[in-house]
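Before any comments, here is the structure.
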Amino acid sequence: MQVNEKEFKPTIVAFCCNWCSYAGADLAGTNRLNYPADVKIIRVPCSCRVNPMFILRAFQRGADGVIMCGCHPGDCHYTTGNYYARRRMTLLFSMLDYLGIERERTRVEWVSAAEGAKFAATMNEFVETVTKLGENKRLEDLRCKEK
Amino acid sequence: MQRIGVFVCWCGSNIAATVDVEAVSEALKSEPGVVFSTNYQYMCSEAGQNMIKDAIKEHNLTGVVICSCSPRMHEATFRKTVQGAGLNPYMVEIANIREQCSWIHKDKQTGTEKAIILGKAAIAKVHLNAPLTAGESPVVKRALVIGGGIAGIQTALDIAEAGFDVDIVETKPTIGGKMTQIDKTFPTLDCAACILTPKMVDCAQNEKIHIYSYSEVTAVKGFVGNFTVSIKKKARYVDTTKCTGCGVCTEKCPVKNVPNEFNLGMNNRRAIYIPFAQAVPKVATIDADYCNMLKNGKCGVCSKVCTAGAIDYKQQDEIIEERYGAIVAATGFNPIKLDNFDEFAYSQSKDVITSLEFERLTNAAGPTSGQLLRPSDGKHPHTIVFVQCVGSRDTSGCGKPYCSKICCMYTAKHAMLTREKYPDTDVYVFYIDVRTPGKNFDEFYRRAVEDYNVHYIKGMVGKVAPRADGTLDVQASDLISNEQLHISADLVVLAAAIEPDKSARPLATMLTASMDTNDFFTEAHAKLRPVESPTAGVFLSGTCQGPKDIPETVSQASAAAAKVIGLLCKDKLTCNPCVAHSDEMLCNGCSSCEKVCPYGAITYSDKEFRMPDRTTAIRRVAAVNEAVCQGCGACTVACPSGAMDLKGFSNKQIMAEVDAICK
Amino acid sequence: MSKVTKEQVLRSSGVNVLKCMRCGKCSATCPSYDEMEYHPHQFVYMVEKGDLEPLLNSDSIYKCLSCYACVERCPRGVEPAKVVEGIRNAVLRQSGMNHIKAENIPEMLDEDLPQQAIVSAFRKYKR
Amino acid sequence: MTFSYYPGCTLKTKAKDLDRYGRKAAEALGVTLEELPDWQCCGGTFSMSKDEIASKLSAVRSLASAKDKGNDLVTLCSACHNVLKQTNDAMKNDPDFSAKANNYMKLDVPYNGETNVIHYLEMLRDKVGFDKIAEKVTNPLTGKKIAAYYGCLLLRPGKVMQMDNPENPTIIEDFIKAIGAEPVVYPYRNECCGGYVTMEDKALAKKKSNKVALSAAENGADMIITACPLCLYNLNKNADESDIPVYYFTELLAEALGVKD
């Protein structure tokens, strides 16, 4: 496959909880379900471990989209973690929207360990959405460039 | 500065085919702190592990990054490896370049680029890793088995055999489960009751086993080695310590029209009942929905005839709490409801029955005393059609997408037994595929065809039309002869798909055990850890994990017991050291963390601090009980002052990963 | 007749023939089975194989009653009737392939025949 | 209660009774049926081919005009109901089709399946209520044993039509009870009568309609009722082995309500 140099390749960070979504991503791999290489997964014990700071940091460092995946509501390995995560992200995303980071660049998705197909489909769709939006510059511009 | 070694695994061709492993190890060599980088065919092999150990010693490595399969697969393996070379096991990070890279990206350049980035993220993280020491927690030496079918019974017997206490919680008034309703078992045609009831009696007599019948689990707290479980003992209005099981009450009760669930509603029982003669415990239960005394206070016959004085109309539900080290789910299955399959006229004709109903019709303890008679008119059926895959392998939304696994064999059994007992009966079996993997299984099916002359027809039934004369017009396709058939049948038997018991879903939530989309419990690893749930301390036995026949269920039940025994043998368990930790100097005592902790692992206390101006101040600060903390991290995000952090997944570590990925 | 391709039929019908598990329930339920040379399950299988020619030339495509029994009862959601319709439309769209000709209509009519029958016949059998 | 009403071409010609009694009964039940002023023939049959656009446009036009009226659209003929309901479903759930159709139609506001299409029977069950109908019956059809004939179009495809359980429906049986008669359940009530091939293959139409009529008679029915003009024609004309009479359900409803002239 010839990769077009000019083609926009978004940088996407996916936070996945160890018990459901990370396992769902593993299942997508085991079943050879493709999704774009633009998605890079960071393993966290639970979606409630995702500090809003991590997401701000990602955008600041040039991420074009951030997705957080956890167990389905009610199925959290730690009983209640994903409920906290859901509320935190709702607030954070609306604040990001206010800052000019489109709502479509951030997402929360529940993927169980058995939903490899859902994981792949979600990532395909998310990458497509973010690719359409193009490069994200808002927060990156705010950072103090180190180099 | 860490001295980091990078080890890139080929995983045979699993990784090497779509990721240029040489390029990855070369690229990561120049990352800051990396003093050694190599690649090898199988890092998890003995040679691969020795390579890691040697490199640690030779290069004085302080951190190790392994680019390989998912950490869910071999993180534990590699932690042991580095420990063997004298390194703290938590100085290892895994970059998942198989499941998340080589297996999903077909283009080698794409795969290689991504693998390098994942490797860099792991290197960035390991720079900030600190040695962790796992704490220990005690193990309560008692197991709980939820579900008292053959799976639960076998698991309990095996655990008890090893000398541990074990409790069985069963929602029905008796243990025994579905197997009590089955007449004969394939492929040996043993009588089910003859092999099951002795095991039920063993359970009752074993002093290590306690049976909570007619009871439910209502809450589960705690974690591996130390669960606290609430069990509701439903009021049965009979004092089980007094009831002798004589059965006089069940004969004298005036309410005679209660559908008998043991016979699937094909006959009636009384409002006070013992499910069947061999029930364990053999005590009566009053059905509150039907009992006149409980409904309107008018009756009391059972109380009058009970010479043991066991009847207690005032009994209440009782909730008890018990502590366990391990929990086994053995909640079993049910045949699906056939509401979505009315083309087979199940709800229109009494003579269209399920296979489980057929079992009752051929069972000596069943409603017809074992005579195979039509439910509609009590006559002997002369033409019987069996329909396989009713609701199994169904992706239309009406049934279940999976194969129910047991139907091919029990249908062969039914067909064979019918032909043996009633040679004047014509028996047809419509099948899509006959699936008979298993010892002596295909031979068994072939006997049905060759020795018993059962007509096996490849094709499906499309419609069952009940005729006014009482026959059933079965319209079906015969794919081999390319014909549409019309068979005038007297009885149609539907091999209904099986599904997990409805109680499994809420139980999974209580246990925080994961389930698949069909509500079967998920195993920790499909091949290598088939009887463990991913949730530590929770084990799986029988059909709650997937469709199984009896021999398979029993083997899995024993396997689950072996795992439980392995756990209960330990006096202490090593805790997960990736737990929360509060920096007392930063803590402002706000209690935010305490409120979100699902385990109550955080406590506050007043502590004396020496201030910069040499005075002392008393401040309220949080402390984490490391034996109780499970490491979810909820508190770390709730903490407004940044005092709370999670070992192994610290803020700095995750930020470092973010930075590496977004570079 | 110009070449009708498998892809064309699949696109037009919107059916995924690969979902079929060959149980034959469509043919078991088909009310026109005895009138058909090729039966619903064969339509699905032959389209999957790309063996369209016999279907295109068979009267079976006019025997389907479009009663949706096979669609309703298929355990895999394959919808065989849509495959039959796909083949029929592929035939009717060829010029000169009208199965019913306007001039023949009057002799088929009787005084009670509802409009619906004529309209439907035109729709089903004519381009 | 006011509904938009789509009669369809057959109800204007050969099936006038179905329409006439339907309107009378509605009036007696206090339901106003407003005929869509600019309805067009639905096309008689819904093409299952995804690439058939033009033949579905007339149905879309009627649906769009009902949307402007703002009321639920009631249909009476089973075939029209099937076509309108399936077309509406495609407009709602098949973006490719609705884009193309809207492109052709050039409406001021694109139509995306907003109209709620219900069959007259659904109106009786869900809007009026069978219990209310039973109260208004002045001339109950006591003692009559009636077989409901659903045919294929009223119930299938079940995922789209969503009127009742497609394999074990009860809506017409409940209707029969509401008008004081006794429903007869028989297995072929939801099997096709072969109406579509009545012009093409008389023998097949005969075979299929006889199967239905004989099955109803065998189970003790005095008569069959239907909502489909083609079924009625076919069962009357082609089911030559049985002389069981066939009526439109609206005729019996009008009779029970005492408004049949």
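Chains as they are written, first to last, in numbering that gives the first Met the number 0: chain A, 0 to 146; chain B, 0 to 662; chain C, 0 to 126; chain D, 0 to 260. Just so you know, even glycine gets a beta-carbon here, dropped at the ideal spot from N, CA and C. It should be emphasised that the depicted structure is a prediction, and the values quoted were computed from it without experimental measurement.
Apart from the five residues on each side of it in sequence, which residues of its chain come closer than 8 Å, Cβ to Cβ, to residue i?
{"i": "residue 246 (chain B)", "result": "273, 283"}
{"i": "residue 210 (chain D)", "result": "187, 190"}
{"i": "residue 162 (chain B)", "result": "207"}
{"i": "residue 103 (chain D)", "result": "52, 53, 56"}
Which same chain residues, not among the five before or five after residue i, have their C-beta less than 6 Å away from its C-beta?
{"i": "residue 431 (chain B)", "result": "388"}
{"i": "residue 54 (chain A)", "result": "65"}
{"i": "residue 46 (chain D)", "result": "54"}
{"i": "residue 27 (chain A)", "result": "115, 118, 119"}
{"i": "residue 348 (chain B)", "result": "465"}
Comparing the C-beta of residue i with each C-beta of chain A, is any distance below 8 Å?
{"i": "residue 66 (chain B)", "result": "no"}
Spell out whether any CB of chain B is found under 8 Å from the CB atom of residue i.
{"i": "residue 72 (chain A)", "result": "no"}
{"i": "residue 24 (chain C)", "result": "yes"}
{"i": "residue 0 (chain A)", "result": "Caution is warranted here: a pLDDT of 41 is assigned to residue 0 (chain A), below 50, making its placement in the model unreliable, and no coordinate value can be reported."}
{"i": "residue 101 (chain C)", "result": "no"}
{"i": "residue 9 (chain A)", "result": "no"}
{"i": "residue 58 (chain C)", "result": "no"}
{"i": "residue 32 (chain C)", "result": "yes"}
{"i": "residue 187 (chain D)", "result": "yes"}
Check whether chain D comes within 8 Å of residue i, counting only Cβ atoms and requiring the distance to be less than that.
{"i": "residue 111 (chain C)", "result": "yes"}
{"i": "residue 51 (chain C)", "result": "no"}
{"i": "residue 18 (chain C)", "result": "no"}
{"i": "residue 465 (chain B)", "result": "yes"}
{"i": "residue 346 (chain B)", "result": "yes"}
For residue i, I'd like the list of residues in its chain whose CB is within less than 7 Å of its CB, leaving aside the five on either flank, ordered along the chain.
{"i": "residue 252 (chain B)", "result": "269, 270, 271, 300, 301"}
{"i": "residue 78 (chain C)", "result": "14, 70"}
{"i": "residue 249 (chain B)", "result": "269, 271, 272, 273, 283"}
{"i": "residue 24 (chain D)", "result": "249, 252, 253, 256, 258"}
What does residue i pair with, by DSSP beta-bridge criteria?
{"i": "residue 109 (chain A)", "result": "A:69"}
{"i": "residue 254 (chain D)", "result": "According to DSSP, residue 254 (chain D) bridges with nothing at all."}
{"i": "residue 229 (chain B)", "result": "B:218, B:320"}
{"i": "residue 644 (chain B)", "result": "B:580"}
{"i": "residue 609 (chain B)", "result": "B:615"}
{"i": "residue 35 (chain B)", "result": "B:4"}
{"i": "residue 279 (chain D)", "result": "Residue 279 (chain D) lies beyond the stretch modelled for chain D, which goes from 0 to 260, so this question has no answer here."}
{"i": "residue 465 (chain B)", "result": "B:471"}
{"i": "residue 499 (chain B)", "result": "B:332"}
{"i": "residue 141 (chain B)", "result": "B:164"}
{"i": "residue 490 (chain B)", "result": "B:383"}
Should residue i be flagged as near chain C, meaning a C-beta pair shorter than 8 Å?
{"i": "residue 342 (chain B)", "result": "yes"}
{"i": "residue 165 (chain D)", "result": "yes"}
{"i": "residue 281 (chain D)", "result": "Residue numbering for chain D in the displayed model covers 0 to 260; residue 281 (chain D) lies beyond these limits and cannot be assessed."}
{"i": "residue 122 (chain D)", "result": "no"}
> What are the start and end residues of each continuous alpha helix (DSSP H) run of 4 or more residues lying completely inside the region 120-196 of chain D, in chain order?
Replying inline: 129-135, 157-160, 170-177
>> Which runs of the alpha helix (DSSP H) at least 4 residues long sit entirely within the region 27-82 of chain A? Give them in chain order.
In response: 51-59
> Hey, which unbroken runs of the alpha helix (DSSP H) at 4 residues or more fall wholly within the region 79-106 of chain D?
Replying inline: 94-104
>> Please list, in chain order, the residues of the region 82-109 of chain D that have any C-beta partner in chain C closer than 7 Å.
In response: none
>> So within the region 381-423 of chain B, which uninterrupted alpha helix (DSSP H) runs reach at least 4 residues, ignoring any that extend past its ends?
In response: Entirely contained in the region 381-423 of chain B, the alpha helix (DSSP H) runs reaching 4 residues are, in chain order, 406-420.
>> To test your reading of the DSSP string, which unbroken beta strand (DSSP E) runs of 3 or more residues are found completely within the region 276-316 of chain B?
In response: none
> Going along the chain, which residues of the region 193-227 of chain D sit with their C-beta nearer than 8 Å to a C-beta in chain B?
Replying inline: 214, 217, 218, 219
>> My parser needs the beta strand (DSSP E) runs of 3 or more residues fully inside the region 55-86 of chain C; what are they?
In response: none
> Relative to chain B, which residues along the region 35-60 of chain A have a C-beta separation below 8 Å, given in chain order?
Replying inline: 36, 39, 40, 41, 42, 43, 44, 45, 47, 48, 49, 50, 51, 52, 53, 56, 57, 60
> Using Cβ-Cβ distances below 9 Å, what residues of the region 437-466 of chain B are close to chain C?
Replying inline: 457, 458, 459, 460, 461, 462
> Taking the runs of the beta strand (DSSP E) that are 3 residues or longer, which of them lie wholly in the region 501-567 of chain B?
Replying inline: As far as the region 501-567 of chain B is concerned, its whole beta strand (DSSP E) runs of at least 3 residues are 537-539.
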